[in-house]
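**Student:** Per the numbering used here, the very first residue in the sequence shown carries number 6; after that it's consecutive.
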Amino acid sequence: MNSAVQIQEQTRLASLDRYDILDTPAEEAFDRITRLTRRFFDVPMSTVTLIDGHRQWFKSRQGVSACETPKGPAFCSVVVREARPLIVPDATADERFADNAFVTGDPHIRFYAGVPLRTPEGHSIGTLCAMDTKPRAFTADQTDTLTDLARIVMSELELRVLAMTDGLTGALSRRAFRDELSRTFALALRHRHELSCIMLDVDRFKVVNDEHGHPVGDLVLAAAAAACREELRKSDVLGRLGGEEFAVLLPHTGLASALKVAEKLRSAIARLEIPTPRGSIKVTASFGITALDGSVGSPDTLLKHADAALYLAKDDGRNRCVEWRPATIAQQGIRRRVLKAGQISFNGGRSAIDCTVRSLSEESASLKIVTSAGIPETFKLLIESDGFSRLCRIEAKADRDLEVAFV
Numbered sequence: 006m007n008s009a010v011q012i013q014e015q016t017r018l019a020s021l022d023r024y025d026i027l028d029t030p031a032e033e034a035f036d037r038i039t040r041l042t043r044r045f046f047d048v049p050m051s052t053v054t055l056i057d058g059h060r061q062w063f064k065s066r067q068g069v070s071a072c073e074t075p076k077g078p079a080f081c082s083v084v085v086r087e088a089r090p091l092i093v094p095d096a097t098a099d100e101r102f103a104d105n106a107f108v109t110g111d112p113h114i115r116f117y118a119g120v121p122l123r124t125p126e127g128h129s130i131g132t133l134c135a136m137d138t139k140p141r142a143f144t145a146d147q148t149d150t151l152t153d154l155a156r157i158v159m160s161e162l163e164l165r166v167l168a169m170t171d172g173l174t175g176a177l178s179r180r181a182f183r184d185e186l187s188r189t190f191a192l193a194l195r196h197r198h199e200l201s202c203i204m205l206d207v208d209r210f211k212v213v214n215d216e217h218g219h220p221v222g223d224l225v226l227a228a229a230a231a232a233c234r235e236e237l238r239k240s241d242v243l244g245r246l247g248g249e250e251f252a253v254l255l256p257h258t259g260l261a262s263a264l265k266v267a268e269k270l271r272s273a274i275a276r277l278e279i280p281t282p283r284g285s286i287k288v289t290a291s292f293g294i295t296a297l298d299g300s301v302g303s304p305d306t307l308l309k310h311a312d313a314a315l316y317l318a319k320d321d322g323r324n325r326c327v328e329w330r331p332a333t334i335a336q337q338g339i340r341r342r343v344l345k346a347g348q349i350s351f352n353g354g355r356s357a358i359d360c361t362v363r364s365l366s367e368e369s370a371s372l373k374i375v376t377s378a379g380i381p382e383t384f385k386l387l388i389e390s391d392g393f394s395r396l397c398r399i400e401a402k403a404d405r406d407l408e409v410a411f412v
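The structure is reproduced here in structure tokens:
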């Protein structure tokens, strides 16, 4: 992959990350589109697919059992890479796909029609596709109709970015929070008053979703946000930045007072009891706190400092509050959140597995993979867009997650 293509791919992934949509539960707004696609074109399968660094992940799927599959053999990867519709009347008669794993095996695709999900900036982040287990024709008018449906998917995604309030938790949306951060930051500089920021993240939230289901996960997020609001002033600003991550702006508040507020929020969340069909559960959250000072030159820097302190709280055992301290953060090698296409390389470079890098520091990284089966304890991590190559050792792993340290 040449450098221009690498840069283009990283820009595409950054555009995908803006929507905070990966690994979120199924939603009726998108399921409605795939149902319409299946009925309108009389096909057994339809998906809204998003492509990250190592997989195709289905935000909505009809007639498809898997929630994600590897990126390599995916028809949708071709659509994203070429940024134009792909129509395959009979995959077994197409030399590009005749030996494809999704043609010779489950779900036995013979016909495929996919169109790109294009952002307003022109990046292809995924597809809307229609599939069948038998060959069929697809006219230009049908391709135009599928493209219109894909535009409806993108309109829904854009509306969520622009929406002021998160529908589940009542907190400000990511975009609205960042707008408020810019405004509050400018006022603090102009009038020389104090400003603090808290980042918080519900601990082990993936375990809650996996063990109790997404409806219970939604209850946890809503309850955590409500508990925080109970402890905050009307002038404070609570925003949901994505998934289980929230941020709080505290105008006219210095670091010492912000630490006390964070501790109140931590205690309030720890006291919660969330009802589930199997009895109530308890959760905790980790907090990173920072304040406006001479080292902070922009709203983004304020957020990055809070985010780095949050990662230190996670690394230090969770369910705690940690303030931003430049020396401490540097020593601990705190990871920053990223969305980068990576590759796991081993057997002297003869074996390679795609991965998505979700956090990164000078000492370690967090990787998402299709499966950890067959990956050795040490390997080389490559991030081509950054010219990055480091030898890694696995520190912890789950079925689709790796925590690695650089050696």
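Idealized CB from N, CA, C, for every residue including glycine.
In whole angstroms, what is the alpha-carbon distance linking residue 39 and residue 157?
**Tutor:** Within the sequence shown, numbered from 1, the residue matching residue 39 stands at position 34. Within the sequence shown, numbered from 1, the residue matching residue 157 stands at position 152. Going by the C-alpha atoms only, they are around 11 Å apart.
**Student:** Does the beta-carbon of residue 57 have 16 or more other beta-carbons within 10 angstroms, so that it is buried, or is it exposed?
**Tutor:** The count along the sequence shown starts at 1 and reaches residue 57 at position 52. Buried, since its Cβ has 16 or more Cβ neighbours within 10 Å.
**Student:** With DSSP collapsed to three states, give me the class of residue 206.
**Tutor:** Taking the sequence shown and counting its residues from 1, one reaches residue 206 at position 201. Three-state result, residue 206: strand.
**Student:** Taking 8 Å as the threshold, find out whether the stretch 62 to 76 comes into contact with the stretch 45 to 52 through three or more Cβ pairs.
**Tutor:** Touching, yes, given that three or more Cβ pairs across the two stretches are closer than 8 Å.
**Student:** Nearest CA to the CA of residue 353: which residue from 84, 381, 77?
**Tutor:** By 1-based counting over the sequence shown, the position of residue 353 is 348. It is 381 whose Cα lies nearest to the Cα of residue 353.
**Student:** Starting from residue 396, follow its DSSP beta bridges and name the residues at the other end.
**Tutor:** Numbered from 1 along the sequence shown, position 391 holds the residue referred to as residue 396. BP columns for residue 396 point to 385.
**Student:** Around the C-beta of residue 216, are 16 or more other C-beta atoms found within 10 angstroms, so that it is buried, or is it exposed?
**Tutor:** Within the sequence shown, the letter at position 211 stands for residue 216. Exposed, by the Cβ-count rule.
**Student:** According to DSSP, simplified to helix, strand and coil, what is residue 366?
**Tutor:** The residue you call residue 366 lines up with position 361 of the sequence shown. Coil at residue 366, not helix or strand.
**Student:** So which of 140, 224, 324 has the shortest CA-CA distance to residue 267?
**Tutor:** Here the question's residue 267 lines up with position 262 in the sequence shown. Residue 324 is the option with its Cα nearest to residue 267.
**Student:** Have a look at residue 378 and residue 404 and give me their C-alpha separation to the nearest angstrom.
**Tutor:** Your numbering for residue 378 matches position 373 in the sequence shown. Your numbering for residue 404 matches position 399 in the sequence shown. Those two C-alpha atoms are separated by around 8 Å.
**Student:** In this structure, does DSSP put residue 411 in helix, strand or coil?
**Tutor:** If you number the sequence shown from 1, residue 411 lands on position 406. Looking at residue 411 - three-state DSSP - the assignment turns out to be strand.
**Student:** May I have the straight-line CA-CA distance separating residue 275 from residue 290, to the nearest angstrom?
**Tutor:** Position 270 of the sequence shown, counted from the first residue, corresponds to residue 275. Position 285 of the sequence shown, counted from the first residue, corresponds to residue 290. Residue 275 and residue 290: Cα-Cα distance of roughly 7 Å.
**Student:** Where DSSP assigns a beta bridge to residue 116, which residues make up the other side?
**Tutor:** Along the sequence shown, one-based indexing puts residue 116 at 111. 137, per the DSSP bridge assignment.
**Student:** Taking the alpha-carbon positions, what's the residue 235 to residue 197 distance?
**Tutor:** The residue you call residue 235 lines up with position 230 of the sequence shown. The residue you call residue 197 lines up with position 192 of the sequence shown. The alpha-carbon atoms of residue 235 and residue 197 are separated by roughly 28 Å.
**Student:** Compute the Euclidean distance between the alpha carbons of residue 99 and residue 150, then round it to the nearest angstrom.
**Tutor:** Translated into the one-based positions of the sequence shown, residue 99 becomes position 94. Translated into the one-based positions of the sequence shown, residue 150 becomes position 145. So the two alpha carbons sit approximately 24 Å from each other.
**Student:** How is the beta strand (DSSP E) around residue 75 delimited, first residue to last?
**Tutor:** Stepping through the sequence shown from its first residue, residue 75 is reached at position 70. Per DSSP, residue 75 belongs to the beta strand (DSSP E) from 73 to 75.
**Student:** Kindly indicate which three-state DSSP category residue 406 falls into: helix, strand or coil?
**Tutor:** Looking up residue 406 in the sequence shown gives position 401. The answer is strand: DSSP assigns residue 406 an E or B state.
**Student:** Start and end of the beta strand (DSSP E) containing residue 12?
**Tutor:** Indexing the sequence shown from 1 puts residue 12 at position 7. It is not in any beta strand (DSSP E) - residue 12 instead sits in the alpha helix (DSSP H) that spans 8 to 22.
**Student:** Quick test of the definition: if touching needs 3 or more C-beta pairs under 8 Å, does the stretch 293 to 300 touch the stretch 225 to 234?
**Tutor:** Taking 8 Å as the limit for Cβ pairs, the verdict is that the stretch 225 to 234 does not touch the stretch 293 to 300.
**Student:** Taking DSSP's pairing of strands, which residues face residue 285 in a bridge?
**Tutor:** Numbered from its first residue, the sequence shown carries residue 285 at position 280. Answer is none; residue 285 lacks a bridge partner.
**Student:** DSSP puts residue 50 in a beta bridge; with which residues?
**Tutor:** Residue mapping note: residue 50 aligns to position 45 of the sequence shown, counting from 1. DSSP lists 136 as partners of residue 50.
**Student:** Leaving out the 5 sequence neighbours to the left and right, which residues in its chain are closer than 7 Å to residue 392 when beta-carbon positions are compared?
**Tutor:** As a working note, residue 392 is residue 387 in the sequence shown. Excluding sequence neighbours, residue 392 sits near nothing in its chain.
**Student:** So is residue 16 buried or exposed if we call it buried at 16+ other beta carbons inside 10 Å?
**Tutor:** Here residue 16 refers to the residue found at position 11 when the sequence shown is read from its first residue. It counts as exposed.
**Student:** Looking at residue 59 and residue 406, is the spacing between their C-beta atoms short of 9 Å?
**Tutor:** What you label residue 406 is simply residue 401 of the sequence shown in a count that begins at 1. What you label residue 59 is simply residue 54 of the sequence shown in a count that begins at 1. No, these two residues do not count as a Cβ contact at 9 Å.
**Student:** Which word fits residue 125, buried or exposed, when buried means at least 16 other C-beta atoms lie within 10 angstroms of its C-beta?
**Tutor:** To locate residue 125, count along the sequence shown from 1; it is residue 120. When all chains shown are included, residue 125 counts as exposed.
**Student:** Is it buried or exposed, residue 30, if we count other Cβ atoms within 10 angstroms and call 16 or more buried?
**Tutor:** Walking along the sequence shown from the start, residue 30 turns up at place 25. Its Cβ having fewer than 16 others within 10 Å, residue 30 is exposed.
**Student:** From residue 331 to residue 155, what does the alpha carbon distance come to, in whole angstroms?
**Tutor:** Mapped onto the sequence shown, residue 331 falls at position 326. Mapped onto the sequence shown, residue 155 falls at position 150. Cα to Cα, the separation comes out at about 45 Å.
**Student:** Does residue 367 pass the burial test, meaning 16 or more other C-beta atoms within 10 Å, or should it be called exposed?
**Tutor:** Along the sequence shown, one-based indexing puts residue 367 at 362. Exposed is the call here.
**Student:** Grab the span of the alpha helix (DSSP H) containing residue 328 for me, first residue to last.
**Tutor:** If you number the sequence shown from 1, residue 328 lands on position 323. Per DSSP, residue 328 belongs to no alpha helix (DSSP H); it is in the beta strand (DSSP E), 326 to 328.
**Student:** Considering only the alpha carbon of each residue, which of 96, 185, 318 lies closest to residue 206?
**Tutor:** The count along the sequence shown starts at 1 and reaches residue 206 at position 201. Ranking the options by Cα distance to residue 206, first place goes to 318.
**Student:** Report back the beta-carbon spacing between residue 229 and residue 277 to the nearest angstrom; my notes put them in contact at under 8 Å.
**Tutor:** Indexing the sequence shown from 1 puts residue 229 at position 224. Indexing the sequence shown from 1 puts residue 277 at position 272. Right, the Cβ-Cβ distance comes to about 7 Å (below 8 Å), so this counts as a contact.
**Student:** Among all the DSSP beta bridges, which residues are the ones paired with residue 361?
**Tutor:** Numbered from its first residue, the sequence shown carries residue 361 at position 356. In the DSSP output, where bridge partners are listed per residue, residue 361 has 346, 373.
**Student:** Mark residue 104 as exposed unless 16 or more other C-beta atoms lie within 10 angstroms of its C-beta, in which case mark it buried.
**Tutor:** Residue numbering aside, residue 104 sits at position 99 when the sequence shown is read from its first letter. Exposed, because fewer than 16 other Cβ atoms sit within 10 Å of the Cβ of residue 104.
**Student:** Where are the beta strand (DSSP E) runs, 3 residues long or more, that stay fully inside the stretch 168 to 241, in chain order?
**Tutor:** Correct list: 200 to 207.
**Student:** Short check: CB of residue 119 to CB of residue 91, under 9 Å?
**Tutor:** The residue you call residue 119 lines up with position 114 of the sequence shown. The residue you call residue 91 lines up with position 86 of the sequence shown. Taking 9 Å as the Cβ cut-off, residue 119 and residue 91 qualify as a contacting pair.
**Student:** Leaving out five residues before and five after residue 32 in sequence, what residues of the same chain have Cβ atoms less than 6 Å from its Cβ?
**Tutor:** Position 27 of the sequence shown, counted from the start, is the residue given in the question as residue 32. Once the five neighbours on either side are set aside, residue 32 has no close Cβ partner at all.
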